[in-house]
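> Keeping their order, the protein sequence lines are chains Y and H. 20 is the number of the first residue of the first sequence in the numbering used here; add one for each residue after it. 20 is the number of the first residue of the second sequence in the numbering used here; add one for each residue after it. In this text, a Cβ means the ideal position worked out from N, Cα and C, and glycines have one as well. Everything numeric in this text was worked out from a predicted model, so none of it was measured. My questions will all concern the structure given below.
Number of protein chains: 2
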Amino acid sequence: METLRERKKQRTRDALLRTAVEMFVARGYDGTTVDDIADAVDVSARTFFRYFAGKEEAALALQELAVAHYLRAVRERPAEEAPVVALRRAVLESWDTLHEVVESVVPVEAYLGMHRVIESTPVLLAAHLRRNAETEDTIARVVAEREGLDVDADPRPRLAVAVFGAVMRVTEQQWSACGDLSLEGMRALTIAYLEQVGPALAGNWRTD
Amino acid sequence: METLRERKKQRTRDALLRTAVEMFVARGYDGTTVDDIADAVDVSARTFFRYFAGKEEAALALQELAVAHYLRAVRERPAEEAPVVALRRAVLESWDTLHEVVESVVPVEAYLGMHRVIESTPVLLAAHLRRNAETEDTIARVVAEREGLDVDADPRPRLAVAVFGAVMRVTEQQWSACGDLSLEGMRALTIAYLEQVGPALAGNWRTD
DNA sequence: TTGTCAATTGTCAGAGGCTGTCACTAGCCT
DNA sequence: AGGCTAGTGACAGCCTCTGACAATTGACAA
Chain Y
20 METLRERKKQ RTRDALLRTA VEMFVARGYD GTTVDDIADA VDVSARTFFR YFAGKEEAAL
80 ALQELAVAHY LRAVRERPAE EAPVVALRRA VLESWDTLHE VVESVVPVEA YLGMHRVIES
140 TPVLLAAHLR RNAETEDTIA RVVAEREGLD VDADPRPRLA VAVFGAVMRV TEQQWSACGD
200 LSLEGMRALT IAYLEQVGPA LAGNWRTD
Chain H
20 METLRERKKQ RTRDALLRTA VEMFVARGYD GTTVDDIADA VDVSARTFFR YFAGKEEAAL
80 ALQELAVAHY LRAVRERPAE EAPVVALRRA VLESWDTLHE VVESVVPVEA YLGMHRVIES
140 TPVLLAAHLR RNAETEDTIA RVVAEREGLD VDADPRPRLA VAVFGAVMRV TEQQWSACGD
200 LSLEGMRALT IAYLEQVGPA LAGNWRTD
């Protein structure tokens, strides 16, 4: 971010994203048009599409940040940990430090607000689930490498990651449904739900 | 399907669906416009939207049939069976009899072809995953009732169904990726993958 | 059979998401 | 200073989808 040009671009993108999130939370996803967002930031609608592939991408940009953050946490887990343990710790850790990543763009409230918008907007929920599936594929590869397995030959990495992801999705959903919109509530739910299923999957794969 | 009117409507819908699926498989989802489909059936594009909520719904209509078929199989499972066992048997059973439901509209090849189209078209895959999530919610309620539990109080029905669904998704994905596009291959994969995870979840919930 | 009612359809207009093009401006670099 | 290039605005246009209105066609009773 050296030149004036780059700084200007960054500012435009941030303004676009911040405004988009604010409007989505306030008036809903469908109730907000790209023109609305562009007008509020005082750029042409065409410019919006130069920064985001579509309205959808702007709506999921914050989630993307969080996912990248989580993925980083997963990769940094020591290889000695069993896969499910590593995933569990990475989740909890990444939530504890989420604000560091998100607050540079929007307040944390906006992140939580967008979460509800996503969960309650069919087309956004769909896109979100698809991205989750992609993320799971990535994580399965990471896990396979940790364990010295071949993702395409051995189904266990994909299965374990998919099962873990399923538990996380139920957790998210219940968290959204219950009024408790705090990161602490999320922590508690995560731990409780994982303990329900986790032990069943904690076998040691390496003694095959 | 008594009156002439109803028969005509049914024929229009079938023609629309059949044509849409053919074109999607042949030219891809994005490469086919609603106008193309309507023109081929010789109705106005407006009429298409009177039969399907959107292009997407036409693309997922066959999946919808299959899901309804599976759901029926689940509900008909005897209550004595443990949840995971019931789900497993319902899946295998509904695949063995899938042709009975699908072939009244399109040949089975078309169904398998659409499956690949869905898996390889981002927006369709997203919609498909969202519908899966909805289906899982329904099944969780069915399971909870079988076991005499409250879906909202006890997380176990949702968790078990979500985990089961996750395994099925991995199965589907691997089945699509491997060249073996037969229902027999699917059966084998399903059994193999479920045996990898199933035992861990087969606990008896009623002795709580 | 015929006239009336209701259901189905086509046409038209238009919003909204998204893309290609082209000229213009503003920052950058020598 | 002047050329170069990235970023932008202003169209024009395609596609999905919706509302409104009129025309057509089947249903049904007199």
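1. Which whole runs of the alpha helix (DSSP H) in the segment 70 to 152 of chain Y are 4 residues long or more, in chain order?
2. Helix, strand or coil: which one does DSSP assign to valine 170(H)?
3. Determine the direct distance from the alpha carbon of arginine 149(Y) to that of valine 86(H), and round the result to whole angstroms.
4. Tell me which same chain residues have a C-beta within less than 7 Å of the C-beta of alanine 181(Y), skipping the five on either side of it?
5. Which residues in the same chain as alanine 29(H) place their Cβ atom closer than 8 Å to its Cβ, once the five residues preceding and following it in sequence are excluded?
6. Per DSSP, what kind of secondary structure is valine 161(H) in: helix, strand or coil?
7. Chain Y partners of tyrosine 212(H), CB-CB under 7 Å?
8. Just tell me which of Pro174(H), Leu144(H) and Tyr70(H) has its CA closest to the CA of tryptophan 194(Y).
9. Distance check for aspartate 33(Y) and threonine 140(Y), CA to CA, integer angstroms please.
10. With a threshold of 8 Å on Cβ separation, who are the neighbours of proline 176(H) within its own chain once the five nearest residues in sequence on each side are excluded?
11. Could you list which residues in chain H have their beta carbon closer than 7 Å to that of valine 216(Y), in chain order?
12. Over what stretch of residues does the alpha helix (DSSP H) that includes aspartate 33(Y) continue unbroken?
13. How long is the line joining the alpha carbons of alanine 185(H) and glutamate 41(H), rounded to whole angstroms?
14. So, helix, strand or coil for aspartate 58(H), using DSSP?
15. With a Cβ-Cβ cutoff of 8 Å, do isoleucine 56(H) and threonine 31(H) count as a contact?
16. Once DSSP output is grouped into helix, strand and coil, what is the label at glycine 198(H)?
17. Are there 16 or more other CB atoms within 10 angstroms of the CB of alanine 146(Y), so buried, or fewer, so exposed?
18. Which chain Y residues sit within Cβ distance under 8 Å of arginine 188(H)?
Inspection of the coordinates gives the following:
1. 74 to 94, 102 to 115, 117 to 121 and 127 to 139
2. coil
3. 19 Å
4. Glu155
5. One detail in the question is off: residue 29(H) reads as glutamine in this sequence, not alanine. Correct list, in chain order: Met20.
6. helix
7. Pro174 and Leu178
8. Pro174(H)
9. 23 Å
10. Pro102, Ala159, Arg160, Val162, Ala163, Glu166, Leu168 and Val170
11. Leu178 and Val182
12. 23 to 46
13. 30 Å
14. helix
15. no
16. coil
17. buried
18. Ala152 and Ala181
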